[in-house]
Amino acid sequence: MRVLVTGGAGYIGSVVVALLLDAGHDVTVLDDLATGHEDAIAPGAQFVKASITDAGPVLAERPYDTVMHLAAKSLVAESVEHPDRYWHNNVGGTLALLDAMRAHSVPRLVFSSTAATYGEPSAVPIPEDAPPAPASPYGTSKLAVDLALADYTRAYGVATVSLRYFNVAGALLLRPGVSYGERHAVETHLIPIALQVAAGTRDVLDIYGTDYPTADGTCVRDYLHVADVGDAHLRAMSAVRPRTHRVINLGSGAGYSVRQVVEAVRRATGREVPVRPAPRRPGDPAVLVASTARAAAELGWEPVRGLDEMVADAWAFVTG
Ligand code: UFG
């Protein structure tokens, strides 16, 4: 298939691009490089440096079978301080992209949604039909797109899927010397920060909240290897059906606490990882674990890589 990947220079996007190329697809990356890296785009993909609001000319050039839309702003704290950026980029930008897709008759869309659309869940594991209640403008912006996709799909007959990622981690080690991983200028995620502490480039890991109602008092999350996430995108592209919008969780169904993740980092690196208790981070639910039944039934997908492999692959990526 001919696929346009927005955000293909970002962390998850670069993995999706590498896997698409590996599977023989024709790939064009659209990325404004606001947070992505041009050298993260696998050789073999064409690259257009542009915003998603300017997708029209790219889609006009050649017929595309699929758009995989990963470009977005994705910092929860920034979204609370600057919601305008999230509404304009994530919602306004996506509506412009959808209009360009419609103008150029692109039949399929795979969209990066998020577990942040659920907010504080009333039950875990979280099924896709749980009532959405995002706790941040980031989550609200992704939910707004999910709702728009349902309407556009019904009216315009396209085939769309919203993949609701839980906590993506790890790196794609494709071949010796060829790997794709996380390189955020502003790092807020647990595993990369814990690896920085293990590497000695950061002194200590703050554990945000040690009094949660969980077994060891720290937050529990459903961690997912980025290579499994990439695989789910390829399956979703084949599974989508015209006039159908599906919301599908990408998770493992297993939860690990912050302290368990730190233990995994110690195991994988053989290094000390000093930690200290810190206040809770606003908007962090105690437990987020995905119900995985729909992904299994509709994509035939389940993650095959566990927490230790995620941490080991991320460590291999950062230590080069
Ligand atoms: N954490 C720490 N110390 C840190 C960083 C994180 O204790 O230095 C904790 C967090 O409080 C949380 C867990 O580690 O309990 C995981 O935090 P991350 O920031 O790695 O991931 P989040 O669960 O906050 O974020 C993920 C996605 C977001 C999405 C969110 C939905 O990365 O895009 O889930 O809740 F919005």
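Sequential numbering from 1193 applies to the sequence shown in the numbering used here. Glycine included, C-beta positions come from ideal geometry on N, C-alpha and C. As the structure is a computational prediction, the values presented were derived from the model and not from experiment.
Residue i CB to nearest heavy atom of ligand 1 below 6 Å
i, result
"leucine 1382", "yes"
"valine 1450", "yes"
"isoleucine 1204", "no"
"threonine 1306", "yes"
"arginine 1427", "no"
"tyrosine 1400", "yes"
"arginine 1413", "yes"
"aspartate 1476", "yes"
"isoleucine 1318", "no"
Per DSSP, cross-strand counterpart(s) of residue i
i, result
"aspartate 1476", "Paired residues: none, contrary to the question."
"valine 1221", "Val1197, Phe1239"
"serine 1371", "Leu1365"
"arginine 1356", "Ser1305, Asn1441"
"threonine 1286", "Bridge partners of threonine 1286: none, in fact."
"isoleucine 1318", "Ala1482"
"glutamate 1260", "Residue identity check: residue 1260 is methionine in the sequence provided, not glutamate. Note: methionine 1260 sits in a beta bridge opposite Val1197, Val1302."
"serine 1449", "Val1412"
"alanine 1470", "Tyr1400"
"threonine 1511", "BP columns for threonine 1511 are empty, so no partner."
Proximity to residue i [Cα-Cα], best of the options
i, options, result
"alanine 1472", "Pro1235, Gly1409, Val1453, Asp1505", "It is worth fixing the name first, because residue 1472 is arginine in this sequence and not alanine. Closest option to arginine 1472, Cα to Cα, is Gly1409."
"valine 1259", "Asp1343, Asp1223, Ala1322, Thr1511", "Asp1223"
"alanine 1482", "Pro1495, Ala1470, Trp1507, Arg1194", "Pro1495"
"arginine 1356", "Pro1249, Gly1311, Ile1244, Glu1464", "Gly1311"
"proline 1326", "Leu1366, Ser1271, Thr1380", "Ser1271"
"histidine 1417", "Ala1431, Asp1403, Val1432, Gly1445", "Gly1445"
"phenylalanine 1303", "Ala1340, Thr1511, Ala1419, Glu1379", "Ala1340"
"tryptophan 1493", "Ala1407, Gly1422, Asn1281", "Gly1422"
"alanine 1456", "Leu1387, Phe1239, Ala1470", "Leu1387"
"methionine 1502", "Ala1242, Gly1248, Arg1458", "Arg1458"
Cα-Cα separation, residue i to residue j
i, j, result
"glycine 1447", "valine 1360", "13 Å"
"glycine 1349", "proline 1434", "6 Å"
"glycine 1392", "leucine 1290", "44 Å"
"aspartate 1321", "proline 1313", "11 Å"
"glycine 1216", "tyrosine 1256", "15 Å"
"arginine 1194", "alanine 1506", "30 Å"
"alanine 1485", "asparagine 1441", "9 Å"
"threonine 1306", "proline 1474", "18 Å"
"leucine 1287", "proline 1324", "21 Å"
"glycine 1498", "serine 1354", "23 Å"
"isoleucine 1385", "arginine 1394", "8 Å"
"glycine 1462", "threonine 1511", "13 Å"
Pair within 7 Å by beta-carbon distance, residue i and residue j
i, j, result
"valine 1197", "valine 1207", "no"
"threonine 1352", "leucine 1426", "no"
"glycine 1443", "phenylalanine 1509", "no"
"valine 1412", "alanine 1336", "no"
"glycine 1236", "leucine 1213", "yes"
"alanine 1234", "alanine 1210", "yes"
"isoleucine 1204", "leucine 1262", "yes"
"valine 1465", "alanine 1363", "no"
"alanine 1478", "proline 1405", "yes"
"tyrosine 1278", "tyrosine 1330", "yes"
"histidine 1437", "alanine 1342", "yes"
"alanine 1396", "arginine 1468", "Looking at the sequence provided, one finds valine at residue 1396 rather than alanine. Going by C-beta atoms, valine 1396 is nearer than 7 Å to arginine 1468."
heavy atom of ligand 3 below 6 Å from residue i C-beta
i, result
"serine 1266", "Within the structure as shown, ligand 3 is missing, the only ligands being ligand 1."
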